[in-house]
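These protein sequence lines are chains A and B, in that order. Number 62 in our numbering belongs to position 62 of the first sequence; there are no gaps in the numbering. Number 429 in our numbering belongs to position 39 of the second sequence; there are no gaps in the numbering. Since the structure comes first, as structure tokens, the remarks are kept for the end.
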Amino acid sequence: MKALVWHGTADIRCDTVPDPTIEDGRDAIIKVTSCAICGSDLHLYDHFMPGMKSGDIMGHETMGEVVEVGRDNTTLKVGDRIVVPFTIICGQCEQCRRGNFSVCERTNRNAALAAAAFGHTTAGLFGYTHLTGGYAGGQAEYLRVPFADATHIKVPKGIPDEKLLFLSDIFPTGWQAAVQCDIQPEDNVAIWGCGPVGQMAIRSAILLGARRVIAIDRVPERLTMARAGGAETIDLTEESNVVARLNDMTGGKGPEKCIDSVGMEAHATTSLDSLYDRAKQAVMLESDRPHVLRQMIMACRPAGVLSIPGVYGGLIDKVPFGAAMNKGLTFRMGQTHVNRWTDDLLRRIEEGQIDPSFVITHTVGLEQGPEMYRTFRDKQDGCIKVMIRP
Amino acid sequence: MKRSVDPRSRSAHDALARGLGWFSIGLGLAEILAPRALCRALGLEGREALIQAYGAREVATGAAILMSHDPTPWIWGRVAGDALDLATLATGFEGDNPRSGNLALATVAVAGVTLADIACVQGLTADKRPAPRGAYEYHNRSGFPRGLAAAHGAARDFAVPRDFRIPGPLRPWRDGRPAA
Numbered sequence: 001m002k003a004l005v006w007h008g009t010a011d012i013r014c015d016t017v018p019d020p021t022i023e024d025g026r027d028a029i030i031k032v033t034s035c036a037i038c039g040s041d042l043h044l045y046d047h048f049m050p051g052m053k054s055g056d057i058m059g060h061e062t063m064g065e066v067v068e069v070g071r072d073n074t075t076l077k078v079g080d081r082i083v084v085p086f087t088i089i090c091g092q093c094e095q096c097r098r099g100n101f102s103v104c105e106r107t108n109r110n111a112a113l114a115a116a117a118f119g120h121t122t123a124g125l126f127g128y129t130h131l132t133g134g135y136a137g138g139q140a141e142y143l144r145v146p147f148a149d150a151t152h153i154k155v156p157k158g159i160p161d162e163k164l165l166f167l168s169d170i171f172p173t174g175w176q177a178a179v180q181c182d183i184q185p186e187d188n189v190a191i192w193g194c195g196p197v198g199q200m201a202i203r204s205a206i207l208l209g210a211r212r213v214i215a216i217d218r219v220p221e222r223l224t225m226a227r228a229g230g231a232e233t234i235d236l237t238e239e240s241n242v243v244a245r246l247n248d249m250t251g252g253k254g255p256e257k258c259i260d261s262v263g264m265e266a267h268a269t270t271s272l273d274s275l276y277d278r279a280k281q282a283v284m285l286e287s288d289r290p291h292v293l294r295q296m297i298m299a300c301r302p303a304g305v306l307s308i309p310g311v312y313g314g315l316i317d318k319v320p321f322g323a324a325m326n327k328g329l330t331f332r333m334g335q336t337h338v339n340r341w342t343d344d345l346l347r348r349i350e351e352g353q354i355d356p357s358f359v360i361t362h363t364v365g366l367e368q369g370p371e372m373y374r375t376f377r378d379k380q381d382g383c384i385k386v387m388i389r390p
Numbered sequence: 391m392k393r394s395v396d397p398r399s400r401s402a403h404d405a406l407a408r409g410l411g412w413f414s415i416g417l418g419l420a421e422i423l424a425p426r427a428l429c430r431a432l433g434l435e436g437r438e439a440l441i442q443a444y445g446a447r448e449v450a451t452g453a454a455i456l457m458s459h460d461p462t463p464w465i466w467g468r469v470a471g472d473a474l475d476l477a478t479l480a481t482g483f484e485g486d487n488p489r490s491g492n493l494a495l496a497t498v499a500v501a502g503v504t505l506a507d508i509a510c511v512q513g514l515t516a517d518k519r520p521a522p523r524g525a526y527e528y529h530n531r532s533g534f535p536r537g538l539a540a541a542h543g544a545a546r547d548f549a550v551p552r553d554f555r556i557p558g559p560l561r562p563w564r565d566g567r568p569a570a
């Protein structure tokens with residue numbers, strides 16, 4: 001089969017690789033009908049996340065049709081149409097039973113490696129480094145879904161892939177980001193980053209009834225899309241003091257809820273702290289650039305909530321934790337517990353409350369995938385979200 | 391496995407930058423390891439230490455180009471280094487240099503590499519240049535089939551799970567007391 005394969009920094013190729021096979025009784029194999037490139041795939045493309053090996057298949061936003069089922073899998077059958085959550089879950093461990101699926105205790109095949117990096121293991125992820133199990137990803141013609149009897153979202157036929165694919169990651173991720181804020185009707189919600197997760201977080205905050213949503217970015221077409229979704233915007237090319245601007249917009253008090261949809265590769269280039277981050281990163285003394293995190297801590301209203309769906313991978317520096325402590329801020333973060341939200345979100349799609357396909361700007365075949373990684377990273381050609389049809 | 395179909399995740403300018411990185415390391419090692427031979431060939435005897443320092447600069451720049459996520463600033467560094475090299479070579483034309491022919495060839499070669507560096511840095515910058523404002527209008531992409539007004543608060547029926555609710559004292563107050 002064909003698949004998008006990681007070979008090194010900024011080197012992803014469309015290779016011919018062996019078809020996947022059933023390895024465990026709980027497995028299933030799907031024929032991929034649609035997949036997508038996620039913003040967090042760019043952390044691998046740029047090789048900011050450690051733990052990739054040449055030959056790894058990329059991709060964790062995938063859906064398709066079941067073509068083979070393991071002997072112990074009684075919940076799926078050939079022909080079922082499923083969306084595959086990016087977190088691989090056993091459905092049985094203590095964390096899964098609590099609904100904390102992204103920290104499933106059993107599905108990471110390299111649990112010792114994860115424990116060394118993070119203190120404890122987290123769930124296995126598709127196509128996302130050997131720290132999270134080294135599982136093959138879904139930017140391919142076929143995908144083996146381990147623990148498939150739990151790791152799936154059954155979806156009805158008759159709804160196009162475009163509306164359903166993002167149940168795999170960015171829609172529940174944006175939703176969880178907003179839910180972590182426990183949004184109240186009085187709330188001002190500030191969202192840093194208007195990439196795909198930021199766009200979903202904006203829509204989620206609107207659906208959950210936030211009084212006001214303020215989105216912050218520098219890319220014109222992303223700001224336009226944010227406004228279309230109901231957000232007011234701060235354009236970083238015009239406003240250098242985001243904290244002051246947010247204070248102005250909220251009667252001097254700051255937003256009650258702040259969402260970091262940017263994560264480890266913040267691109268602010270004119271502030272002193274971002275220059276500091278780039279210098280430290282260049283000499284490998286810091287793995288992540290936490291510009292947004294610093295700004296959120298300073299901007300957030302005392303006793304407010306910081307919600308962090310943006311991915312961080314390692315060590316950060318010069319975070320004003322004194323400000324966070326003295327302001328009594330609440331931090332909520334984590335990879336998304338996808339299956340905790342998807343039944344509800346699928347219903348909202350079916351009822352027409354939201355159509356997540358609004359975010360797709362490019363649809364290509366697998367062969368164009370490598371080129372699209374570059375286009376997406378460099379924000380060229382108006383690219384916000386790439387859907388791939390293998 | 392591994393019949394590559396088309397590795398286009400790197401632009402031509404990224405590939406050129408990597409080529410220049412390897413070239414930088416090769417030239418730098420030659421300057422560090424054989425400064426005497428190079429100086430003799432160019433009629434620049436007595437400047438061996440300077441050539442070795444330039445070699446160290448080349449190796450450091452080359453390694454940075456190959457290891458960095460964005461080689462653009464390091465290619466600019468190469469352009470500055472090229473200017474330094476050309477200025478140093480120009481001093482060799484003063485007086486009666488018996489190797490002025492070699493020196494002229496070296497100057498032409500460095501000038502050529504300088505042009506490649508400039509083309510590379512311009513290309514890398516153009517690759518990442520944002521689209522002009524208004525080039526992509528996504529103003530009709532609300533994602534709400536029933537419109538924005540109907541969407542606002544449509545999910546207020548959602549019961550935030552207990553473990554996701556913020557503590558009571560941190561919730562907004564209504565009518566002079568914490569909201570339920």
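Glycine residues also receive a C-beta, built at the ideal position from the N, C-alpha and C atoms. Source: prediction; values computed, not measured.
Minimum C-alpha distance to residue i - residue among the options
i	options	result
residue 381/A	460/B, 517/B, 548/B and 529/B	517/B
residue 354/A	131/A, 62/A and 175/A	175/A
residue 278/A	259/A, 256/A, 302/A and 317/A	317/A
residue 333/A	249/A, 25/A, 261/A and 274/A	261/A
residue 126/A	59/A, 34/A, 263/A and 325/A	59/A
residue 391/A	154/A, 95/A, 113/A and 255/A	Because chain A is modelled from 1 through 390, residue 391/A falls outside the range shown and cannot be assessed.
residue 61/A	377/A, 361/A and 338/A	338/A
residue 319/A	336/A, 296/A and 310/A	296/A
residue 108/A	131/A, 100/A and 15/A	131/A
residue 135/A	87/A, 345/A, 291/A and 38/A	87/A
residue 342/A	120/A, 143/A, 173/A and 13/A	173/A
residue 28/A	379/A, 198/A, 72/A and 389/A	72/A
residue 20/A	263/A, 377/A and 70/A	70/A
Chain-ordered chain E contacts of residue i [CB-CB under 7 Å]
i	result
residue 550/B	The chain labelled as chain E is not found among the protein chains of the depicted structure, namely A and B.
Chain B contact for residue i (CB, 8 Å cutoff)
i	result
residue 76/A	no
residue 12/A	yes
residue 172/A	no
residue 370/A	yes
residue 379/A	yes
residue 87/A	no
residue 221/A	yes
residue 137/A	no
residue 36/A	no
Nonlocal neighbours in the same chain, by C-beta distance under 8 Å from residue i, ignoring five residues either side
i	result
residue 467/B	451 and 454
residue 230/A	202, 203, 206 and 213
Own chain partners of residue i with C-beta closer than 7 Å, once the 5 adjacent residues on each side are dropped
i	result
residue 9/A	46 and 47
residue 391/B	Residue confidence for residue 391/B is low, a pLDDT of 41 falling below 50, so the modelled location carries little weight and cannot support an answer.
residue 511/B	462, 465, 466 and 469
residue 185/A	209 and 211
residue 89/A	96, 101, 104, 107, 123, 147, 150, 151 and 339
Min CB distance residue i to chain A below 8 Å
i	result
residue 527/B	yes
residue 567/B	no
residue 532/B	yes
residue 459/B	yes
residue 477/B	no
residue 560/B	yes
residue 414/B	no
residue 406/B	no
Bridge partners - residue i, DSSP secondary structure assignment
i	result
residue 402/A	Chain A is shown only over 1 to 390; residue 402/A falls outside these bounds and no answer can be derived.
residue 225/A	For residue 225/A, which the question treats as bridged, DSSP gives no partner whatsoever.
residue 5/A	13/A and 57/A
residue 383/A	Per DSSP, none; premise fails for residue 383/A.
residue 154/A	82/A
residue 77/A	Partner(s): none; residue 77/A has no beta bridge.
Own chain partners of residue i with C-beta closer than 6 Å, once the 5 adjacent residues on each side are dropped
i	result
residue 395/B	Unreliable placement is indicated for residue 395/B, whose pLDDT of 42 sits below 50; no coordinate value is reported for it.
residue 285/A	none
residue 535/B	none
residue 121/A	108, 111, 114 and 115
residue 91/A	150
residue 401/B	517
The ligand MG heavy atom lying under 7 Å from the CB of residue i
i	result
residue 493/B	Ligands in the displayed structure: none, and consequently the ligand MG is not present.
Legend entry - the stretch 162-173 of chain A in contact with the stretch 47-59 of chain A per 3-pair CB rule at 8 Å: The stretch 162-173 of chain A is not in contact with the stretch 47-59 of chain A.
Legend entry - Sufficient close CB pairs (3 or more, under 8 Å) joining the stretch 343-351 of chain A to the stretch 182-194 of chain A: Of all C-beta pairs linking the stretch 343-351 of chain A to the stretch 182-194 of chain A, fewer than three are shorter than 8 Å, placing the two stretches out of contact.
Legend entry - Contact between the stretch 60-68 of chain A and the stretch 82-93 of chain A (3+ Cβ pairs under 8 Å): Yes: at least three Cβ pairs fall under 8 Å.
Legend entry - Contact between the stretch 31-47 of chain A and the stretch 150-159 of chain A (3+ Cβ pairs under 8 Å): Judged by Cβ distances under 8 Å, the stretch 31-47 of chain A makes no contact with the stretch 150-159 of chain A, as fewer than three pairs qualify.
Legend entry - Touch test, the stretch 541-551 of chain B against the stretch 431-441 of chain B, Cβ-Cβ under 8 Å, three pairs minimum: When C-beta atoms of the stretch 541-551 of chain B are compared with those of the stretch 431-441 of chain B, fewer than three pairs fall below 8 Å, so the two segments do not count as touching.
Legend entry - Three CB pairs or more closer than 8 Å across the stretch 435-449 of chain B and the stretch 409-423 of chain B: Proximity of the stretch 435-449 of chain B to the stretch 409-423 of chain B meets the contact definition, three or more beta-carbon pairs being nearer than 8 Å.
Inset, instruction - Evaluate the contact criterion for the stretch 368-388 of chain A versus the stretch 35-42 of chain A: three or more CB pairs, one atom per stretch, below 8 Å. - result: Verdict: yes, contact present.
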